[in-house]
Structure formats: structure tokens, C-alpha cells
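Take a look at the structure set out below.
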Amino acid sequence: MKNTLRQIFHSPKFVGGFCIFVFILAMMIIYPLINPGDPLERIGVETFSKPGIYFSMYDASTTKTSPFRLADADDKRVASKLSMEDRVAMVEWFGLAEVDVEGVSMDDTETLLKLWDENYSADKKIKMTQAKKKYFKRLNNSIQSLKAADKMEVVSKNPESGENETVTTIDKNAYVNVSDVTNTKILPLGTDNFGRDVLKELVSATRTSIGIGLIAGIVATLIGLTVGLLAGYVGGLVDDLLSLVTNLFTVIPSFILLILISYSLSQDQRGPSTVAVVIGLTSWTWTARSVRSQVISLRNRDHVNLSKLSGHSLVRIILTDILPYIASYVVMAFILQVSSGILAESQLSLLGLGPKTTVTPTLGLMMNWAMLYSAHLNGSWWAYFPVILTITLISFSLNLMNTGLDQVFNPELRD
Amino acid sequence: MKNYMKYFRKKIVWFLITLVFAVILNFLLPRLMPADPVAAITGKLTQGMTDASAAQEVYKRYAEEFGTNKSMFEQFILFVKKAVRGDFGLSFSQYPRSVSNIIGSAIGWTVALQLPAILVGWILGNLLGALAAYMRKGFDKILLPISLFCSNVPAFGMAVVLLVIFGINLKIAPIAGGYDASMIPNMSWKFFYSVFTHYQLPFWSIVLISIGGQAVGMRSMSIYELNADYVKYSRFLGIKDRKIVMYVFRNAMLPQITGLAMSIGTMIGGALVAEIIFSYPGLGSTMYAAVTAADYPLISATTLIITIMVLLANFLLDIIYAIIDPRVKAAQFD
Amino acid sequence: MGKIMLEVKDLKTKYITRFHEDVYSVDGVSLTIEEGKSLGIAGESGCGKSTLALSLMGYYFAPLHYVSGDIIVDGRNISGMNPDDVRKNILGNEIAYIPQAAMNALNPTQKIIRFIEDVIHAHDKSMSKKDIYDMAKERFAILGLPEDVLQKHAVELSGGMKQRTVIAISTILSPKVLIADEPSSALDVTSQKMVIKMMRDLMEKGYIKSMIFITHELPLLYNVTDDIMVMYAGRIVEKASAKDMVFDPLHPYSKGLMGSIIVPEEGVRDHKLTAIPGTPPNLKHPPEGCRFADRCKYATPTCKAMDPQTIELPNGRMYSCLMSERKLREVYANE
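Protein sequences, first through last, are from chains S, V and Y.
For reference, each letter of the first sequence is one residue, going 8 to 422 in the numbering used here.
For reference, each letter of the second sequence is one residue, going 876 to 1209 in the numbering used here.
For reference, each letter of the third sequence is one residue, going 2 to 336 in the numbering used here.
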């Protein structure tokens, strides 16, 4: 046993998978400690806020400032405000004024502005309509004003006098340290369609989904193990019947059974654990098949025959002479069951047949919400990509562990 | 030949058994649930209905559709009779279209999408797996984890990622539907081209996810085969390695047909969900629409049709396998 | 003395294990076979006899590697040849091989005739399929194999039939040396007999010019081969004619080996059946000196320190032991 464990932990594939999985588990435990609270709490009023650090503008305006003089600050500011339309117009004017803009990129705000400053003059004799001339003049004014403005006044209405009073002026060079702002919110993965913190939701969803996978895996393994042991060890008519049932459920797609069963359960009956059990009920066949074939090859081994001759009970023979020999296969099958259980839940949820939606998020439900609100079409990658990545990583780590185990127990497959 | 006939007969009988069983399950599962299925279904449908008599009307219609007022056995006979005639009743959500009409227009899309995609994925996966097994060190070290990773991306995930990258960011393929929405299906080249471009993203997302799993299986199988005695013997008779690799590839690939048969149910499940992401006009989207609209007759018929398709695919794969792999013929002697 | 078909001089090959250790399974083996002769190689399992069979062909792939020594086939030294030349010109048509596990030696999904085509085309591309078929048909008929075997897949043949088919395929190009590694071990007695008869036929009809027969079943060797070599821990400890080896073994290991078998011949029956105590040494770390010393009841401290030289007696017999022939016979007589 000890030796096997050592071998297992020497398999790079197993260790790789194990580390990823442990990391995910650790995140599930640690993150809620850092950021406690209801994962489905709606904090955003709008949908799909970008990932990042948010701080209150209101508080920031009254927070202590430190002036900085950063050389490229102006250019950056102008660059962020100078629209593509304006840039196209600028280049058009350069063309008319025969200014050489060969090789200047549209994004190169600095060069564009420099050229503009050097060359533009409203009086320049260029053949164009009066309207065009006016248009360029306006453009110039707006460019100049972008560069010129250096202070902003924050005005609020005095409740007594009803007059507008300047509360504070914000200088162009005033900077605020984010940590000094009273109200900030870090949203590493932004918010979803309901304005909920995606990371918090994701951590909670991962926990529920792994739970679903585990329950599904346990149910499937228990059924599969029982069926496989009975069919393989007892043999005869029992084997024929059980094998028939197993083969039937192998060819009929479990996904379809899942849909039928889930659909027939009403929304209120579909808690995460019910869904998990249903998944387990439809996916035990692989375990049963592999256990059965292993047991058949064990059935007539000497040590089993010896136990039989010694009059040991069926239960004892199975527990002491059979189970230890098939344990590795059962564990491997269990790992695969967990990963396919997680996948099944997500597919089911995507069809709208997942667990009840109001209590806990699951990975599938998050995906479902993101798709319903077209996160993938409006560029809100943070609402669905981390979910896909999490599902993939969980399933990848479990399969990697499984491959590692396979190589330990079936030496032909080793590198 | 006699052995083949025996084998085929066995497979046909097995196909019929599974078919009957599938029909029974399809009929029974919704009726076995603890709650009254009609109530559960109409409950969803009548949510927000204020008119009690209208809700009552809906309930009555469903009760009739289900035949809940008759005995279970009678209901079943009725169900089978109708199913054989292809009569699955009328759709509730797309009233007054018949369910068979809706499925008839969707099934072609699904078959045309999934059959080639799964086959291409299977072939590419096997090639990669064989290559990984043959190269072993190095290539194998990179390729295997990548294949494993890809095979673990859920089908819908792959679909979304492809859609966003190629459809939205690079804008090189349309993102939804089976053809340009402004067109009316016709036999023109323009229409075919539109179908072709809409085909790309769903097709490749299914191909990509099936590659990984197949490659991993093929790699193990090929490694077993590479260690087989005939490889050594052929080598010592002076046969070129290239030829021997062909032996190995063939011998490892043939059992992969069974592997495909075993996994086709799971693969189709994933591919159906991928259809939803692309709003591809196939059975996956039909099912999604039916679930969303609580259209029971449509769901029941769609699941039945998909099951039959999977069973049929299984049956055909078994037959093909028996014809091209002599090992099956030999096993029939025992 | 006939023409020398195969001469091997001080051949060394090794396995490299997964943990990058070297295992010298063939450690300085020399042998010669003349035309028309057959040589048996005997030894316990793990003594390196199967590895020797593989090493003799001059074609190596991982985990087996060539270290040193010469293999001369009909006057041509193949040990320095480019592997692809060995494959094309030597394997199958000069040296042929019959594997230990003939049960799985044939590709299960290929028809026998397709495989024969592949074998012949690997050496001679010009032969047409029809010629190959005719040739195979003729050869199969001579060897007493039914023609319809050609159109079958390996999985459709019984065990004995498979083995005989393998022998027929291995010898289809009439090789100069046939190396048979336990060709009959896994078979029932009837099939075993047929296989042995077939090997004899092949020699008599001249389809093979010489043969090396490897087995752990000594009585079989006595019946089949002219000479017998005994191998121990990667080295040859004794070579003698079959008769001498069985009735008058010189080396203590050969003596032990012969003592552990029943030979159904007169004069042997009354000796006691004994087993050699202990197990062969681990070739990852072979012992110093004589490798058999640890298990040899006649060993002296010198044996464990000094490598014994191979001694050739005037009658062509060879053995490698520190004791002289006379001394050995004295020791045996005193028992």
C-alpha cells in the first residue's frame, strides 16, 4: 500500500493533476474567508461590469490628493478622448494641405497632434468648401480645448440658499491613492448579468459543482460496484440479467435520460443534490462493466478459491479477496465519474434543466445565465470564460490523475 | 459466412431490444415521477396565467395528450401506435405545427453537422494518438497533455471560445444560424455558400472536442500494439518500420470503432449543446426551445429521435467493425 | 569440416532499463556453426539465451543495444553494417528468426499471404504477387501445411498451425541460419512433434543451411541438435556434442543442469535427480570472478576472484572453469 502510494506520487501526470485539483479546492476554502457573504448578492445595478478595481467617484473627489507632474499625462488624456472620427478628419485635412503623413499611424496621437499644431492654420489657402473650412475650425477648437482645460470644478447645490456652490476643484495634476478612497470594490472578474461579483459566485459555484460531481460519482460508483460485483461474482442468470441491464443503459445515451428525468421533476424538486443523484443514477454503467470484467478474472484465482473452500461468507470473500484487487479500477472509475458528473450538470443547466436557480450558483447555471444574457456576444468574457476554464481545469486535473494512476497500474502504458 | 450471419442476427436482435427498451423508458420516465407530470408541466406553462379557466383548459389538453385518464398499458399502446406512424402530436410552443414537421426540418441539420464532424474528429484524433504513441518521448510529452486538456474542454465551452474568437473578434465566420437569416432556402450557390460558412464554427468545435478523447484512447491502444509480438517478429523478418507502423495503426484503430460506438452517445450529447450556442437549426436547438417553452410533446419526440439515432449509429458501427476486423469473426468461433 | 555459416566473436549486448541502468545479458559470447549443423543453446530462464537469439541477428532496437563483438554470416561481417542494410540484406533471407511466442507473432488482422508478400517485398520488390503465391503454395505443400492457410487470418488458425505457419514464413527465403527461440515450448505434445519434424525437414531439404535452437528443455535438444551450448548469466559455460553434453557434462553448472532433468535414455536413469541450489545472479550487478561460483559446490575462493578462461579440448569441446578436465572428472568420480 505504502509502496503503491509512493509510486503514484512519483507519476508526474498524477502529481500534476493532483496539484491543480488541490489548488482549486484550496481556492474554494480560502476565498470565502477573504471575501465572505452571499455569493448571489447583487452589488451592481448595471449588468456586466468589467473586471478591475472600482472606487467611489464621490469619495474620491474629497479624498486627499497628491500632485504629480507626469510628462505624457496630457497626451494620454487627449488620446483617450480624441475619437477615431476626429483622427480621420485630421488626416483628411493633412491630405488637403499636402502635409506628408506617410507612415504615421492613426493611433499615434502624439505625432498627429504635433503635425496638427505645426501645420494647421485657419487662414491657410486650401481649396475646400466653406462648410468644410468651418468643420476643421471646430475640430481645431475642440482639440485645443482638450489640451487646455486644466481644472474641474465640483459644484453642489446648497440646500439652504439653493445656490450652486463650488465644493472642490479638481486639478489636472491631482492624483488620489486608491487605498485612501473610503469606498472601493475589487472585482477581479467583474460582475455578471445580475450585477453579482463573478469571482465570488464562481468560487461558490465551483464548490457546488464539485459537490454535485462527488455525489454523482458516489452514487454511480456504489451502483456500478454492486452491479459489477454481483454480475461478476455470482455469475449465471444474475450475470445475464445484470449485464443486459448494464448494456441497455450503456447504449441509451445517459444525457437523454437525464433530460427526461430532469424535465419531469418540477423546478422546486430540482435541488443541486437531487440533480447530482439523478446524474449518478444515469452514469453507473462504465463502473459496472469494468468491475464485472475484473471480478470475472479474479473469480477463479487461487486465493479466492481457498476462501471459498474455507467456507467464508460471500460478503467476507468480496470484502477481503475481491475488493482490494479491484480497488484501483474503482478509484479510477470514480474519478472519471466525478468529472463527467460536473460536465453533465453544466450541460443540463445550459439546456435550462439544471438545479433550482435561486439558492446556489453552479458552474452550469453561471454558464446558462451568461449565455441567456449574451455575454459572449457583447464582449463580457469575464462572465463565461472563467467558468469554462474552471470546468476544463477540474475535469483536466481529474483526468490527468486518472491517466497517472492508469500508468502506475498498467505498466505497459508507461513512458 | 455462417458466423457473420450469426453475428448480424445477434446484433439485429440486440438493436431491437434496445429500441423497445428506449421507447419504454421514453414513455415511462416522465410518468414515473412522484409528482403528477401533467401538473408539473402545466404548472410551468401556466405560470403567470391569471385566467383560471384558461389554465384548466391547458391542463385538460395535456391530460388528453398524455392519456392520463386511461390505464398505463393503454397509454403505452397508444404512444407506440402514434410513434410508429410518426405522429407525435402538435407542438405547443409552435402551434399549429406538428412535432414531426418540426423534427423533420431539424434532423437533417443535425445529421449533416454531427456525422461528418464526429468522423473527422475521430480520424484526426486517431492519427494524433498513433503519432504520439510512435514518437513517445518528447512529442508525446507535449501532445498528450494538450490532447487531454482539449478533450476536457466542455463542448459548449469550445463552441463559445471559437464563436468569440473567429466569429466576433476576427469576424471570419458567421456566429448564428444555419444560413444567412435574410435568405430563403433555395438551390442556389449563394445559399450553399451561406450554409457552408455557417457550418464552419459548429463543425470545428465538435471536431476539436472529439479529437482529444480519441487521441488519448488511440495512444494507449497503439502502445499496447507496439509492444505486441508481431511487431518484433515482423521487424526481424526485415519488414520496414513504416510498414509495421501501418500494421499497428490498423490494429489499434479498428477497436477504436467500438470506442466510437461506446462514446457516441456522450459525444452527441455534447454536440447538441454546442448547437444551442450557435443557434444551429438542428435538434439541439429544437430541444432547447422546447425545454424553454415547456413544450412536452416536442421534448418527448426529440429525445426519442436522438436515442434512435444513437442506437442506429451503434448498430451500424458494430456491423462495420465486424466486417473489417477479422478478430470479430474469429471470436464468433468460440 | 563444412563451410562456416555463422561465426560470432566475443559478442556483447546490453539492455538499458527505464532507470538508465545497463544490463549485460550477452556478455562475450563466441560460437560457430557449420553448414548442415544445428546448435542447441540451453540454460535456465533469465540466463540470456533469448537475448542472445535477438543479438545474433545484428539488428538492435531499444531497449537492446549492441556493445561490441563481430557477427560473421557466411563470410560477411554484419556487426558494423548500417541497420537498414542489415534489415534489407540479412534479416529474413540470411538469418531468420522464429520467436518464442509464436501465438501472437502474426498480425491478427492480416491474411497470411499478405504478410508473406510483405516479407518478400521487403527484400525483393520485383517479385509479382502471383509468383509469391505460387512459391508460398509450393513451400507450404512441401512442409505439409494446407494451402487455404494462406487465405486465412492468423486469428483463425489453431496454436500448432500458427506455429508451423510462422516457421514456414520465417524460412520462406531459405535463410543460411535459422534461429529458433523456444519454438515448441507452448505447444501440446502432438504439435511439438510436428514442429520438430518440420525443422528437421527444413534442414534435410536444404531450405535452411544451419540452425540455432534455443530451449530450456534439454531432452529436446538432445533429439534435435548436433551440438549443445550451455549458457549461464550471459556467458557460455560449456559447448559439446549433444551426446557428450547429456551423458558427460564437464562444467559444474552443466552437470547440475543435466542432473535436474530426466533423460529417457539408458544409463542416465539411475542417477539421482538433483536441483541446483540458489538463483542466477542479477545481471545488473554481476559477481566478480566466475559467475556460477556462488552456487557451485566445488567453488574455491579463487573462483570468486578470477574470471575463468575458456578451455578448448582437442575434440573441439569447450568449457570455462578454473578446474582442469582431469580435476573435474576426479571430483565427480569421488561423489
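Just so it is clear, CB atoms sit at the ideal spot from N, CA and C, and this is done for glycine as well.
- Any Cβ of chain V closer than 8 Å to the Cβ of Ser271(S) would place that residue at the interface, and such an atom is present.
- By the Cβ-count criterion, Ala334(Y) is exposed, with fewer than 16 other Cβ atoms from all chains shown falling within 10 Å of its own Cβ.
- Apart from the 5 residues on each side of it in sequence, Leu1003(V) sits with its Cβ closer than 7 Å to the Cβ of Leu1018, Ser1022, Ile1086 and Ala1090 in its chain, given in chain order.
- Within the region 40–126 of chain S, the complete beta strand (DSSP E) runs of at least 3 residues fall at 59–62.
- Close partners of Trp388(S) in chain V (Cβ separation under 8 Å): Val1039.
- Three or more Cβ pairs closer than 8 Å define a contact, and the region 1063–1077 of chain V meets that threshold against the region 1024–1044 of chain V.
- In this structure, the CA atom of Leu1112(V) is about 36 Å from the CA atom of Lys256(Y).
- Listed in chain order, the positions of the region 1132–1163 of chain V with a beta carbon within less than 9 Å of a beta carbon of chain S are Ala1136, Met1137, Ile1139, Gly1140, Thr1141, Ile1143, Gly1144, Gly1145, Leu1147, Val1148, Ile1151, Ile1152, Gly1159, Met1162 and Tyr1163.
- About 14 Å separates the beta carbon of Leu370(S) from that of Ser347(S), a gap too long to meet the 8 Å contact definition.
- The CB of Ala123(Y) comes closer than 8 Å to the CB of Leu1112, Gly1113, Ile1114, Lys1115 and Lys1118 in chain V, given here in chain order.
- Within the region 1088–1112 of chain V, Ala1103, Asp1104, Tyr1105, Lys1107, Tyr1108, Ser1109, Arg1110, Phe1111 and Leu1112 place their CB atoms closer than 8 Å to a CB of chain Y, listed in sequence order.
- Cβ proximity to chain S below 8 Å picks out Leu1023, Phe1024, Ser1026, Asn1027, Val1028, Pro1029, Ala1030, Phe1031, Gly1032, Val1035, Val1036, Leu1038, Val1039, Ile1043 and Ile1050 from the region 1023–1054 of chain V.
- Under DSSP, Lys164(S) shares a beta bridge with Asn171(S).
- In this structure, the beta-carbon distance from Ala1103(V) to Asn283(Y) does not fall below 8 Å.
- Straight-line spacing of the CA atoms in Gly59(Y) and Ile117(Y) works out to 22 Å.
- Pro393(S) counts as buried, since no fewer than 16 other beta carbons sit within 10 angstroms of its beta carbon.
- Leu329(Y): member of the alpha helix (DSSP H) spanning Glu326 to Ala334, first to last residue.
- Collapsing the DSSP output to three states places Leu194(S) in a strand.
- Look at Val22(S): its C-beta is not under 8 Å from any C-beta on chain V.
- Judged by DSSP secondary structure, Thr33(Y) falls within the beta strand (DSSP E) whose first and last residues are Asp23 to Glu35.
- Straight-line measurement puts the Cα of Leu267(S) at about 8 Å from the Cα of Thr1178(V).
- For Ile180(Y), the three-state secondary structure derived from DSSP is strand.
- Boundaries of the beta strand (DSSP E) harbouring Gly41(Y): Ser39 to Ala43, taken from the DSSP string.
- For Asn901(V), there are no C-beta contacts with chain Y under 9 Å, since the nearest C-beta of that chain is about 39 Å from it.
- Residue contact with chain V for Gln301(S): absent (no Cβ-Cβ distance below 8 Å to any residue of chain V).
- At least one beta carbon of chain S lies nearer than 8 Å to the beta carbon of Thr1167(V).
- Burial check for Gly1134(V): the Cβ neighbour count within 10 Å reaches 16 or more, so the residue is buried.
- For Asn147(S), none of the residues of chain V pass the 8 Å Cβ criterion, the least Cβ distance being about 35 Å.
- Straight-line spacing of the CA atoms in Ser211(S) and Met1096(V) works out to 39 Å.
- Collapsing the DSSP output to three states places Asn224(Y) in a helix.
- Taking 9 Å as the upper bound on Cβ-Cβ separation, chain V lies near residues Asn406, Leu407, Thr410, Asp413, Asn417 and Glu419 of the region 406–419 of chain S.
- With 16 or more neighbouring CB atoms inside 10 Å of its own CB, Gly1053(V) falls in the buried class.
- Restricting attention to Ser325(Y), Ala306(Y), Thr303(Y) and Ile91(Y), the CA atom closest to the CA of Glu313(Y) is found in Ser325(Y).
- Cβ-Cβ separation between Trp997(V) and Pro1156(V): approximately 25 Å, too far for a contact (criterion under 8 Å).
- In this structure, Gly231(S) lies near Thr292(S), with their beta-carbon atoms less than 8 Å apart.
- Contacts with chain V at 8 Å (Cβ-Cβ) do not include Thr281(S).
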